[in-house]
Each structure stands twice: as C-alpha cells, then as structure tokens.
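Student: Have a look at this one before I ask anything.
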C-alpha cells in the first residue's frame, strides 16, 4: 500500500509553487502510470491549483491596473493616445 504524503493547503501556496506543482501533476498524468484513484486525486488537486493560479493572476492584473492609474485618476498614456 502506498503511503500518502501530506500536501500543503493550496490557499497557502505562492503562484510559482502552485504552478510548479500543477505542471508536475500534468506530467504525471500524461505518463499514465498512476492507478485510477491516484489519477483522480491528482486531477482534483490540479483543478484546484489551476483555480488558485487563475485567482492570483486576476488579483495581480487588478493591482497592475491600479498602478496604471495616475494620482489624478487618469490612466497612463498608451501609444495610441499620442497621436
């Protein structure tokens, strides 16, 4: 019987760590060497990791948008605004 290792809570993972774990899960699933139950568990964790990464990317995008807003509340000039 395989010993299950305790995985960290997904919500506590940085984007980079979550993405690396997701990539490893994809590699393992693509190899097809896991038994069905392990593959299903990995798929479930992978789906949760993907959601976590997407959430973190949305938050980062919102932060960048706030940074783009100037002190006067106007968006910074884009290259098409210079004409």
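Residue numbers (our numbering): 7 to 89.
Note that beta-carbon positions come from the ideal geometry of N, C-alpha and C, so glycine has one too.
Taking all protein chains shown into account, decide if residue 26 is buried (16 or more other Cβ within 10 angstroms of its Cβ) or exposed.
Tutor: Flag for residue 26 reads exposed.
Student: The alpha helix (DSSP H) with residue 74 in it runs from where to where?
Tutor: Its alpha helix (DSSP H) spans residues 42-74.
Student: Tell me the rounded alpha-carbon separation between residue 43 and residue 74.
Tutor: Each residue's alpha carbon lies about 47 Å from the other.
Student: For the alpha helix (DSSP H) holding residue 28, just list the boundary residues, first then last.
Tutor: Segment 21-37, the alpha helix (DSSP H) holding residue 28.
Student: Give the straight-line distance between the Cα atoms of residue 35 and residue 45, rounded to the nearest whole angstrom.
Tutor: Distance between the alpha carbons of residue 35 and residue 45: 7 Å.
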